[in-house]
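Under our numbering, the letters of the sequence shown match residues -17 to 926, in that order. For every residue, glycine included, the Cβ atom is placed at its ideal position computed from N, Cα and C. Please read these numbers as outputs of a predicted model, since none were measured by experiment. Data block below; observations after.
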Amino acid sequence: MRYYHRDTMAAENMYLVARERLDNFRRPKHLQPIRANSSYPWMDIPETGTTPESSTSAAASSSTSIPTAFWLTQALAWGVDGLAAFGAHHSVALYYPMDSARRGVRATLQGHTNRVNCVAFLNRGHELSQKNVAIVSGSADKTARVWKKKNNNTAAGTGEDKWVCSAVLEGHTGSVVTIGAVRARSIQEQRDLFATGSGDGTIKVWERTEVDEITDKVECIQTIQVGKKYAQSIAISYLPNTSIPVMAVGSTDNRISIYVMQSKQFDKVLSLQGHDNWVRSLDFATFTKDSTNDDTKQQQRDTDGKNTSHHHTLQDGDLLLASGSQDKYIRIWRISAVAEAPEEVSAEDATATGAQAGSEAALTQDMLKSLEEMSKSGTQLSTKAHIIDVAMDTPTAETKRFSVIFEALLLGHDDWVYTINWQPATLQNGVYHQPMCLLSASTDKSMMIWRPDESTGVWVNNTQVGEVGGNTIGFYGGLFGPDGRWILAYGYNGAFHIWKNEGNEIGDKWVPQVPASGHYAPVQDLTWDPTQSYLISVSLDQTARLYSPWKHTDSLTGSAVSTWHEIARPQIHGYDAQCIAFTDKWTFVSGSDEKVLRVFDAPQTFVRSLAQLSGDETILAEESSRPVGANLPALGLSNKAVFENDISAMVEAQESEEYLSQQAFVSTGATPTSLIETMSQPPFEEHLLQHTLWPEVEKLFGHGYELMCVDGSHDHRWVASACKAHTPDQAGVRLFDARKGWKQTPNPLTSHTLTVTKVKFSHDDRFLLSISRDRLWSLFERVEDPEAADPYKLVASNKAHARILWDCSWSHDDSMFATASRDKTIKVWKSASETRETGAPWMAIATIKLPEAVTAVEFAPRLEGREGEHVLAAGLEDGRVFLFRCDAAQPETWVPVGEISRELTHVGTVNGLSWRVTKGATPQWQLASCGVDHSVRLFNITLK
């Protein structure tokens, strides 16, 4: 018997408690159990605002957007042209996973007013010449939208294709949760058929026809009432060797309903049983015969002495339906055209020709009669075989018979199966061929590729990809790429995972690739480091994420490219992160929904990796004095610094039996190998989760409530912060001295009566500006005595706005500052004294009016060649970003420069803006923005 130390047992108990919390209390609504009143939490529709108005401008020349998928199983679709579309907050994001330059999201399609739940492509064409003609998205705003590419047009300033919303589909009274589009060997060209399923207990069937290049006519041709048996998945195809649509619907009653279109209406003909839990995914594929020469195959069978074909029961054109369920199993069903019944023969003749008859007809006369009798009586075979009669759409209205048979049960996953996907068709010996290959994604952190064994026909899992360890909750979706050699998947936290098959005919070799990444909750704040080399953002997903350019070579063209990626996750917290500020080049302070500020310092691993990825070797001179890395100990709450002396101790600990026995609980921590590894490419999600933490060097106490804002002085000495305030005495600004061990000053800076929403130091650190919910801005000036107990004193304040103040900013020369308010205005303030003498009043010299509440404002830094002007960016509550400029000699006259193209900006409130000037021979402005749509966006700004 083996005994475990009490710390090990405590770790196991903590692990079980955390897992229970994740499984029960922190599950998204669509995973919550049914309520006592028989309703589902995922049917709740939160109230939302109105749809933002759309407008365009050419203010930005390029944009890099980093939104992510959500906790939904059908939020991702991958088209035959290589374009992937996925739900990102209230928008549909477009992304090319197979892009050789590894660029991120190309565009976001805006129009929905609530979360996008599901996405599907509409295809047209024959065999491998099929094309994507439109995208359909379903949302919690109870609508579906059709998007299509506008011919010979590109989005302003991006060079990308211009997408337009060609139709809005209304009629559902609940959230649209699933979309089914036709998938077949050949799809008709004139009209597009698809269906949407909703939490209102209905399935609507739609028919789309094109009107012009920007408009479609979409007609609801049928509404199917399913009651409380809510549709979770829909798949549509054609019955074998016909053009008659067949629709499969997986529901919360654990059954698969089969509908066949008769007289332009779907009629329910079957209900397939077998699954013991919700059916979450369905996918059709048309079986094709192996194009290998028949004589060669027969010679092989004669040589082996056995039938090596696993397709001996399948006929060319048979329709295969794969279903994945929360019961952890995958089932495959076969729909076949039934051959004409053979004539009756004598017993002697039947014995003599039995083998030949078995190969020519799938069912005998007796079986057909038995199946027909059982179908009428409701009795079912254990193999779930069914016979259906379908009237053909011909002048004679002849009837054709089809059989639906349970083909295979796939066992292997240890948890819910969320998605299944057939490998796309390919060319085999120049002939169209549908591979018998199926991909499944599960919450057991694995994705499996299934194929039938060549000798037995038994479906087996011969390849598995996925995650090992970590703290994620498996995969929520996974798809094959259009050529079958790529896999794109996403998990609970919205992270993408990409694999490419670099194997050959001997075997598969799935290699991870660099994906797009980003936050999966509203992004609250962002800032550049003091050298403007990298960007950090904080979010309600409880993480701080760091982005940097990656200079590399395009694997296809061989040209040098620079793309932006997440290269580190310095902080993974237990509270929603709210604000962030740098105190020096390698140190930042973050505030969350707790009473503590946390200070983080960059490790050697990050400095080396940043130099490698960005190509800037000059920063390596500062790495030697830093810790090697950071580790989060078991049961620990703070990132612990790891130094070189600790590496050898960790190596020795790894070799001990005690360490090995605890691996189930400490596997999420850093390893000696990961701590000293220098990245040559942006890390994958598994690495970001575990091995890119920054050491936490200090905690700053003093606040009584959740942190709201923080800023650091430019001389790297002072940190100013404020928290939520319920009384005036809590509405002070606290100062911490970094040079004296992060000691707090005796007295907070007071002047406000409500929560301080933002604090900003001037560039020369002479002034500290604070704004508040009480509509007041206050200006504090630095005292002359550097050793004074209170380094700043109040010198001015003003209440000129009519609503809450959300943001403020100093001009690059500190001659003026701007305040942004919910009253839809920006006010620019300037001292009455040119030298800003103490006691001189600050007056509003300009008021800029905007169409919506202003939630973010930021002055641009000084740019070479444009020293005689000031540029101001304003972010609005509806996601729009406007630019204004003025001559330095006339600061009271602000001229609108334009609006950043609506296709590039946020789908919701802009929470933060931050400028930088790029390095190189031709410096230019770059503007970073963050918002409630979970995205961080980067714009190249060129003013004429």
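Rounded straight-line distance, which links the Cα of residue j to that of residue i
i, j, result
"I431", "Y687", "50 Å"
"T333", "T205", "Interpretation of T333 is limited by its pLDDT of 42, a score under 50 that renders its predicted location unreliable; the figure taken from the coordinates is listed afterwards. Going by the C-alpha atoms only, they are around 52 Å apart."
"K681", "L528", "21 Å"
"I312", "R85", "35 Å"
"K130", "L151", "14 Å"
"V158", "E389", "31 Å"
"Y532", "D598", "The amino acid occupying residue 532 in the given sequence is Trp; Tyr does not appear at that position. One C-alpha to the other measures close to 11 Å."
"D772", "L717", "9 Å"
"H745", "A542", "36 Å"
"V440", "W404", "17 Å"
"E816", "P79", "55 Å"
"H708", "A563", "24 Å"
"H555", "T525", "6 Å"
"A679", "A871", "The residue asked about is misnamed: residue 679 is Val in this sequence, not Ala. Taking the straight line joining both Cα atoms gives about 46 Å."
"V208", "V242", "16 Å"
"T732", "V777", "12 Å"
"D272", "S437", "15 Å"
"A471", "V765", "57 Å"
"E189", "G463", "27 Å"
"E851", "D566", "28 Å"
"D869", "V877", "9 Å"
"E659", "V581", "24 Å"
"K926", "N486", "53 Å"
"F921", "I518", "16 Å"
"N105", "Y516", "41 Å"
"H12", "W260", "Low confidence applies to H12: its pLDDT is 46, below 50, so where it sits in the model is not reliable, and the reading given next is rough at best. Looking at the two C-alpha atoms, the distance is approximately 12 Å."
Within 8 Å, strictly: CB atoms of residue i and residue j
i, j, result
"S233", "K250", "no"
"V836", "K812", "no"
"F866", "I830", "yes"
"D63", "K144", "no"
"S305", "I370", "no"
"W824", "L761", "yes"
"S215", "R262", "yes"
"A910", "V918", "yes"
"G857", "A838", "yes"
"R699", "A720", "yes"
"V951", "S385", "With the chain running from -17 to 926 in the structure shown, residue 951 is simply not present."
"C561", "V692", "yes"
"F176", "I161", "yes"
"K482", "R467", "yes"
"I240", "L254", "yes"
"A75", "F103", "no"
"R848", "R884", "no"
"M418", "G460", "no"
"C100", "A57", "yes"
"T727", "E763", "no"
Candidates the options, of which the one nearest residue i by Cα
i, options, result
"L736", "T55, F749, D711, V159", "D711"
"N443", "Y502, G179, L393, V231", "L393"
"V914", "I240, V520, E487, A122", "V520"
"Q594", "Q92, A126, Q663", "Q663"
"H669", "W404, T454, R699", "T454"
"K722", "S733, P730, V701", "V701"
"I169", "K725, A822, L110, E667", "L110"
"T95", "L409, H71, A379", "H71"
"K132", "V571, V146, I882, V777", "V146"
"G299", "N223, D235, M229", "N223"
"S695", "D511, N621, N729, F625", "D511"
"T924", "A213, V879, T268, L886", "V879"
"E171", "V187, D435, V810, T191", "T191"
"T739", "L886, I753, F478", "I753"
Residue-chain proximity (residue i, chain B), Cβ-Cβ < 8 Å
i, result
"S239", "Looking for chain B here will not work: only one protein chain is present."
Does the region 74 to 92 come close enough to the region 484 to 500 to have 3 or more Cβ pairs within less than 8 Å? yes
Which ranges does the beta strand (DSSP E) cover as unbroken runs of at least 3 residues, wholly within the region 415 to 494, from first to last along the chain? 420 to 424, 428 to 434, 441 to 448, 457 to 462, 468 to 473, 478 to 483
Does the pairing of the region 548 to 559 with the region 573 to 588 give three or more beta-carbon distances under 8 Å? yes
If we require 3 or more residues per run, which beta strand (DSSP E) segments fall completely within the region 70 to 132? 73 to 77, 89 to 92, 98 to 108, 113 to 121
What are the start and end residues of each continuous beta strand (DSSP E) run of 3 or more residues lying completely inside the region 165 to 228, in chain order? You should have 174 to 180, 184 to 192, 198 to 207, 213 to 220.
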